[in-house]
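Sequence positions in the sequence shown follow the working numbering and run 107 to 437. In what follows, a single structure is set out as structure tokens and then discussed.
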Amino acid sequence: MILADKIIELRKKHGMSQEEFAEKLGVSRQSVSKWESAQSTPDLTRILEMSKIFGVTTDYLLKDEIDLTKPETIENVTVEDIHDETVPPLTHVSMKEANDFLNKNNRHAFLTALGTALCIVSVIPPVLFDVFNNSAIEDLSVVFMFLIIAAAVGLFIFSSMSMKMFDFLHKECIDTEYGVNGMVKEKKEQYHPKHIMMIIMGVIFCILSVVPPIAFGTITMNKFADMFGTVLLFIFVAVGVFILVRTAIINSGYEILLEEDRFSRERKISHPEPKSNLAKNIVSSYWCIVTAIYLLYSFKSFNWGMSWIIWPVAAVLCPVVIMIANAFDKK
107 MILADKIIEL RKKHGMSQEE FAEKLGVSRQ SVSKWESAQS TPDLTRILEM
157 SKIFGVTTDY LLKDEIDLTK PETIENVTVE DIHDETVPPL THVSMKEAND
207 FLNKNNRHAF LTALGTALCI VSVIPPVLFD VFNNSAIEDL SVVFMFLIIA
257 AAVGLFIFSS MSMKMFDFLH KECIDTEYGV NGMVKEKKEQ YHPKHIMMII
307 MGVIFCILSV VPPIAFGTIT MNKFADMFGT VLLFIFVAVG VFILVRTAII
357 NSGYEILLEE DRFSRERKIS HPEPKSNLAK NIVSSYWCIV TAIYLLYSFK
407 SFNWGMSWII WPVAAVLCPV VIMIANAFDK K
């Protein structure tokens, strides 16, 4: 636990607000806020005053490794003792590494979500060209479809390779540099409202994907209208899945650095071969299976006008699959 976390814990334990604590120290509330978010560090005089107010030693405040729940060890604890008790050994993560990981994880989230969306919209060319009833044009549409799928696979590979250097964050217990925890917590708290909004928007897009084909089919029986409604369906599903995948990966990045939920230290110790990628693999496999079913049925029946129904059903079920995958991943 770093100094910022200790100040928060001790202040709340003593029932003080930031204003009350600031008044006791003779500083502004903004100063206390910056200490608690690890944006700045109190000077030695303030540290001494804190130790008197909270009734703890300066060693406890200054040494990140010392735990308040073991007060009898605070006075004589040594670095060697701490390292001996740490199983497995911690891997150090600097502020630069943490920021680099978050930046690359944001790009990884975008590329992975884009690749997933491309897999979904790859079926649009066969739907578009089906209205021409020309075998040569239909063959060309299949070529376009596989070109889009190839681009999506390329994005998956490139994105995964760019994150390879951070694989240890999923598997090893980490010791973050002073200030990293506070910085990541602040960013996660700032992103949380957006994360919730993105989940809501993604689910809404997936559910509303059934509206265009139904609306166009009701208004007119023209095959061009049916085709346009089907194309919009795929676009709605692609947008919804893009939003869900991107926000899930970004939020996981914060959890990885904070060692929370399925990336917790306890989980890493109890599962030497962690299943931290299980949920992602299940969801990826789900869309591969849906695509395979769609293609198999469509090419076998050549009924592109009806096979689209597979996608709205899959889109509506996708949030359920994600929840089930996450439940399995936390076991």
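Note that CB positions come from ideal geometry on N, CA and C, so glycine has one too.
**Item:** Simplified DSSP assignment, three categories, for H120
**Value:** Taking the first residue of the sequence shown as 1, we reach residue 120 at position 14. If DSSP states are grouped into helix, strand and coil, H120 belongs with coil.
Of the choices C424, I349, Q136, whose alpha-carbon is the least far from that of K300? Along the sequence shown, read from residue 1 onward, the residue named residue 300 stands at position 194. Looking at the Cα atoms, I349 is the closest of the given residues.
(Q) Taking contact to mean 3 or more Cβ pairs, one atom from each stretch, closer than 8 Å, check whether the segment 135 to 146 and the segment 309 to 317 are in contact. (A) no
Legend entry - CA nearest to the CA of M289, picked from Y360, H214, R213, P418: In the sequence shown, residue 289 corresponds to position 183, counting from 1. Nearest of Y360, H214, R213, P418 to M289, Cα basis: Y360.
Q) Exposed or buried, G346, counting other C-beta atoms within 10 Å across all chains shown (16 or more means buried)? A) In the sequence shown, the residue the question calls residue 346 occupies position 240. Classification for G346: buried.
request  = Could you pull out every residue in the same chain whose Cβ sits closer than 8 Å to the Cβ of N182, ignoring the five residues on either side in sequence?
outcome  = Translated into the one-based positions of the sequence shown, residue 182 becomes position 76. Any reading at N182 needs caution, since the residue's pLDDT is 44, under 50, leaving its predicted position unreliable; the model's value is listed next. Nothing meets the Cβ criterion.
Practice problem: May I ask you to report which of helix, strand or coil DSSP gives I280? | Solution: Mapped onto the sequence shown, residue 280 falls at position 174. I280 sits in a strand when the DSSP states are folded into three classes.
What residue range is occupied by the uninterrupted beta strand (DSSP E) comprising V199?
-> Residue mapping note: residue 199 aligns to position 93 of the sequence shown, counting from 1. 197 to 199 is the span of the beta strand (DSSP E), which, as asked, contains V199.
Note to self: Do N212 and I356 count as a contact pair if the criterion is CB distance below 8 Å?
What the structure shows: Within the sequence shown, residue 356 is the residue found at index 250, counting from 1. Within the sequence shown, residue 212 is the residue found at index 106, counting from 1. Yes, they are a contact pair.
Below 6 Å CB to CB, which residues in the same chain sit around V316 once its five sequence neighbours on both sides are set aside? Residue 316 sits at position 210 when you count from the first residue of the sequence shown. The residues are P418.
- Task: Determine the contact status of A256 and L363, defining contact as a CB-CB distance below 8 Å.
- Result: Taking the first residue of the sequence shown as 1, we reach residue 256 at position 150. Taking the first residue of the sequence shown as 1, we reach residue 363 at position 257. Not in contact: A256 and L363 (Cβ atoms no closer than 8 Å).
**OP:** Grab the span of the alpha helix (DSSP H) containing T336 for me, first residue to last.
**Re:** Your numbering for residue 336 matches position 230 in the sequence shown. It spans 329 to 364 - the alpha helix (DSSP H) in which T336 sits, taken as one unbroken run.
For L116, count the other beta carbons within 10 Å of its own beta carbon; 16 or more makes it buried, fewer makes it exposed. Which is it? As a first step, residue 116 is located in the sequence shown; it is residue number 10 there, counting from the start. Buried: at least 16 other Cβ atoms inside 10 Å.
Beta-carbon contacts of V199 that lie in its chain and below 6 Å, excluding the five residues immediately before and after | As a working mapping, residue 199 is identified with position 93 in the sequence shown. Taken in chain order, the residues that qualify are I280, T282.
On a Cα-Cα basis, can you pick out the residue from S143, D273, E278 that is closest to K374?
Here the question's residue 374 lines up with position 268 in the sequence shown. For K374, the nearest C-alpha among the options comes from E278.
Exercise. Is V286 closer than 8 Å to E201 when the C-beta atoms are compared?
Worked result: Position 95 of the sequence shown holds residue 201. Position 180 of the sequence shown holds residue 286. Here residue 201 is Met; the residue named in the question, Glu, does not match the sequence. Contact flag set, yes.
Indicate the three-state DSSP secondary structure (helix, strand or coil) for D187 in the structure shown.
Counting from 1 along the sequence shown, the entry for residue 187 is found at position 81. Model confidence at D187 stands at a pLDDT of 42, short of 50, so the residue's coordinates are unreliable; what they give is reported in the following sentence. Helix.
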